[in-house]
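Have a look at the structure below before the remarks.
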Amino acid sequence: MGVRSPAAPLTALLTVVVLTAVLVAPAAAHAPEPHHITVQAGPYPVEVGFSEWPPLAERSLDITFTPEGGIEGKTATLTMVGLAGTDFQDSGPLGRHPRQRDRWGLDLIALPLAGTWTMELMVDGPEGAGAATVGPIEVGPRPGPPAIAAYLVGVLPLLAVIGLVVAGWRRVRPGQTTDGGSWA
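With the numbering used here, the residue at position 173 of the sequence shown is 1004, and numbering never jumps.
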């Protein structure tokens, strides 16, 4: 057996730490937004970014709002209106986006229905208040198989277990045996 260098374990540890840092860094970064729309909300030009374009119903989506000059000293309220005037549950005051703290945003929302949506944005700041409408935005149909097919696949194991219980019950017939009620 040869003599081992005392620096070998330290070198291995340093290699693992560097590789971990290099491989994890891209995962923490925010993906670029493929579609941007610029609207004028009173005195404020606002860039609206979408993480997926075109948006699809029931598919996760990030929406960011970046006013010119940043968000400091400004507040914003968003109302999302879908089919037949239905209001979306995430409507209300906009907070900072969790991964892009320099802008307002909605993180991982999913629009529930396909069709035409609009966003009404109200911005209030030192230069006054303003409103803008983003849209109409055409939201495509839900991707993947129909919902009933997905639920059916999920229920099949339960139906199999129920079938096994019924088959076992019929085979044993606990109500017709003499041992069914005795504990001795």
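Think of the CB as a built atom: it goes at the ideal place given N, C-alpha and C, for glycine as much as any other residue. This structure is a prediction, so every number in the text was calculated from the model and none was measured.
For residue 876, there is no enclosing alpha helix (DSSP H); the enclosing beta strand (DSSP E) covers residues 875-881. DSSP, read as helix, strand or coil, puts residue 959 in strand.
Distance from the Cα of residue 957 is smallest, within the candidate group 900, 848, 850, for 900.
Nearest in C-alpha terms to residue 929, of all of 893, 944, 872, is 893.
In terms of Cβ geometry, residue 950 and residue 966 form a close pair [threshold 8 Å]. Nearest in C-alpha terms to residue 935, of all of 865, 998, 908, is 908.
In its chain, beyond the 5 residues on either side, 898, 954, 961 have a beta carbon closer than 6 Å to the beta carbon of residue 875. Distance from the CA atom of residue 891 to the CA atom of residue 942, rounded to whole angstroms, is 8 Å.
Bounds of any beta strand (DSSP E) do not take in residue 988; it lies within the alpha helix (DSSP H) bounded by 978-1003. DSSP places residue 871 inside the beta strand (DSSP E), whose first and last residues are 866-872.
Taking a 10 Å sphere around the C-beta of residue 1000, we find fewer than 16 other C-beta atoms and assign the residue as exposed. The C-alpha of residue 988 is placed about 13 Å away from the C-alpha of residue 981. The Cβ neighbour count for residue 895, taken over all protein chains shown within 10 Å, is at least 16; the residue is labelled buried.
Distance from the Cα of residue 902 is smallest, within the candidate group 933, 912, 865, for 933. At a Cβ-Cβ threshold of 8 Å, residue 978 and residue 888 do not count as neighbours.
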